[in-house]
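Below: one structure, written as structure tokens.
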Amino acid sequence: MKLGMTFGAALVASVSWASVAAAQTELSLWYHGAGNEAESGALNMIIDDFNASQDEYKVVVESFPQESYNDSVVAAALAGNLPDILDVDGPVMPNWAWAGYLQPLNIDEAAIAEFLDGPKGYWDGQLYSIGFWDAAVALMSRQSTLDALGLRTPDVDNPWTGEEFMAALDAAKASGDFEYAFDLGMPWTGEWYPYAFSPFLQSFGGDIVDRTTYATAEGALNGEEAVAFGNWWQSLFADGYAPGTSQDPADRDTGFVDGKYAFSWNGNWAALAALEVHDDVVFLPAPDFGNGPKIGAASWQFGVSGTSENADGAAAFIEFALQDKYLANFSNVTGLIPATSTAAAMTDNYAEGGALEVFFGLSAGQATLRPVTPGYVVSAKVFEKALADIANGADVADTLDAAVDEINADIERNGGYGH
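To get the working numbering, take the position in the sequence shown, counting from 1, and add 14.
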């Protein structure tokens, strides 16, 4: 009798667990980080914890190489095969939202109240995506270089003016100690150009498009301020301050630590490697060319696909992932900037006194989103080509006018992109 009762209880338990398994809804997640074991490990930890925390949903991840990820998403959208959860590069998000690849993200926005602005993916007044981290660019140099050249050390509260910055480049060039005063990373094509260089344009007072309406680039990309930027940009190469588009990619990677450049415009992802070679590397804020010092903002973020039938579960996973412990762990394994100051305090490098603490301050104080419009994916490429052409000696005004015409034609062709 006792054996029969035990068997019966086991049978009931078995049926119960089978029912739970059958009732569990699978949430598909696509990620751009295939091949990055550390990053994938951090994401898988969140997924495992979420799956263990409840029995209604099970998140299953599929990773893609970053270089083919966007194309895979577009193809899936056309075929009607999008997953429940997508990750999306911040500046691309408005295009995907406009195209219907993403739907508004329904989470408690109190959960992101203390987030840096860069990881917040708002478009058309609604939240569509949220990121665990951001990235920041700084003017890298060495304290010994600043001292030898007689330069003051700027900080976030007291950046160099444009005039001070050019005086610093002049001093480095005149010293004869460097092949070039300034390394901009010109071999890094693609998104690097608008991410790293459009903040210079914005600090001059111009922009890629007119953000008051997003209906035109006229005046923003070819107005007086933009032309002043273009002339300055061209002078960096024409006057021998910086290597141009033919720069050897290997020099971009190691030229600064090898002593070829006095200053390098580079991101927090390159900071620790520089510090391993020279312990006096300093990370300086962007100079102020008249309209405030600015750097780029927004990196990869998570959102719910526009066709997901499990939007509540997908949003629940994303909100679960926003805990400081996960933000801090992502930062520790990737070196990127955690999205909150409380998470930063839990990290190896961004806590008070940490080697990269300054980058959190740069992201909080200088970060500027790239134009928040579906048309950005086109205007960014137009901007990249214009800057490369100007660096190579093209007429500044004519090149910017042509870029404006191309951007405006795209805006008109797409009915204003919903603005």
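In this text, a Cβ means the ideal position worked out from N, Cα and C, and glycines have one as well.
Shortest alpha-carbon distance to residue i belongs to which of the options?
i, options, result
"N84", "V73, Y71, A300 and D103", "D103"
"D171", "G375, A182, L414 and Q248", "G375"
"W44", "L116, G254 and M200", "L116"
"L41", "E323, A311, Q80 and W247", "E323"
"A300", "A378, P352 and D403", "A378"
"A186", "A231, Y340, H433 and A195", "A195"
"S143", "G47, W202, L119 and G164", "L119"
"L414", "E193, W247, E205 and G49", "W247"
"D169", "V296, D409 and A402", "V296"
"Y390", "Y275, V106, A210 and A113", "V106"
"N50", "A353, F344 and L336", "F344"
"A181", "R166, F192 and D294", "R166"
"N406", "H433, Q140 and F251", "F251"
"H46", "A329, F334, A335 and F316", "F316"
"P173", "N280, D302 and S278", "D302"
Is the CB-CB distance between residue i and residue j below 7 Å?
i, j, result
"G327", "T39", "yes"
"F331", "V73", "yes"
"W147", "L350", "yes"
"L298", "L153", "yes"
"W314", "D101", "yes"
"Y255", "L183", "yes"
"A311", "L401", "no"
"V386", "W137", "yes"
"M200", "G145", "no"
"A231", "V418", "yes"
"A229", "G429", "no"
"A357", "D338", "yes"
"V108", "A394", "Reading the sequence as shown, one finds Pro at residue 108 and not Val. Taking 7 Å as the Cβ cut-off, P108 and A394 do not qualify as a contacting pair."
"A381", "I309", "yes"
"Y340", "I60", "yes"
"I121", "E366", "no"
Taking the beta carbon of residue i as the centre, do at least 16 other beta carbons fall within 10 Å, making it buried, or is it exposed?
i, result
"R10", "Since the displayed the chain opens at 15 and closes at 433, residue 10 lies outside it and no answer follows."
"N282", "buried"
"T361", "buried"
"D272", "exposed"
"F21", "With a pLDDT of only 43 at F21, under the threshold of 50, the placement of this residue in the model should not be trusted; the figure read from the coordinates follows. F21 is exposed by the Cβ-count criterion."
"S212", "buried"
"Q68", "exposed"
"E398", "buried"
"D161", "exposed"
"R266", "buried"
"A468", "The shown model of the chain, from 15 to 433, leaves out residue 468, and the question about it has no answer."
"A411", "exposed"
"K134", "buried"
"T227", "exposed"
"S217", "buried"
"E53", "buried"
"D409", "exposed"
"V26", "Low confidence applies here, because V26 scores a pLDDT of 44, under 50, leaving its location unreliable; read the following figure in that light. It is exposed - the Cβ of V26 has fewer than 16 other Cβ atoms within 10 Å."
"S249", "exposed"
"E239", "buried"
"S189", "exposed"
"V34", "Low local confidence applies: a pLDDT of 48 at V34 is under 50, so the model's placement there is unreliable, and no value is given."
"G18", "Low local confidence applies: a pLDDT of 44 at G18 is under 50, so the model's placement there is unreliable, with the coordinate-based value given in what follows. Looking at its Cβ environment, which holds fewer than 16 other Cβ atoms inside 10 Å, G18 is exposed."
"D253", "exposed"
Can you tell me where the beta strand (DSSP E) with residue i in it begins and where it stops?
i, result
"D409", "Per DSSP, D409 belongs to no beta strand (DSSP E) and is neither H nor E."
"Y45", "T39 to Y45"
"L57", "First-last for L57: E51 to S67, but that is the alpha helix (DSSP H), not the beta strand (DSSP E)."
"Y194", "Y194 to D197"
"L141", "Q140 to I144"
"F316", "W314 to S319"
"A311", "I309 to A311"
"Y431", "Y431 -> no beta strand (DSSP E), and no H or E assigned at all."
Terminal residues of the continuous alpha helix (DSSP H) containing residue i?
i, result
"T159", "Q157 to A162"
"N109", "M107 to A113"
"K72", "No alpha helix (DSSP H) contains K72, which is instead part of the beta strand (DSSP E) from Y71 to S77."
"V271", "Run containing V271: none; DSSP gives neither H nor E here."
"L215", "S212 to F218"
"D338", "D338 to T348"
"A188", "G176 to S189"
"I332", "A325 to F334"
"G244", "E238 to A252"
"L165", "Neither: L165 is in no alpha helix (DSSP H) and is coded neither H nor E."
"T356", "S355 to A358"
"L383", "Counting along the chain, L383 falls outside any alpha helix (DSSP H), though it belongs to the beta strand (DSSP E) covering A381 to L383."
"L289", "A285 to V291"
Comparing the CB of residue i with every heavy atom of the ligand ATP, is any distance shorter than 6 Å?
i, result
"D197", "As for the ligand ATP, it is missing from this structure, which has no ligand bound."
Taking only beta-carbon positions, decide if residue i is within less than 7 Å of chain B.
i, result
"P299", "Within the model displayed, chain B is absent; a lone protein chain is all it includes."
Validate contact between the stretch 88-98 and the stretch 119-132 using beta carbons, cut 8 Å, 3 pairs: no
Validate contact between the stretch 261-273 and the stretch 224-243 using beta carbons, cut 8 Å, 3 pairs: Contact check between the stretch 261-273 and the stretch 224-243: fewer than three CB pairs, one atom from each, fall below 8 Å, which does not count as touching.
At least three beta-carbon pairs within less than 8 Å, the stretch 353-372 to the stretch 218-226: No, the stretch 353-372 is not in contact with the stretch 218-226.
Three CB pairs or more closer than 8 Å across the stretch 284-295 and the stretch 76-83: no
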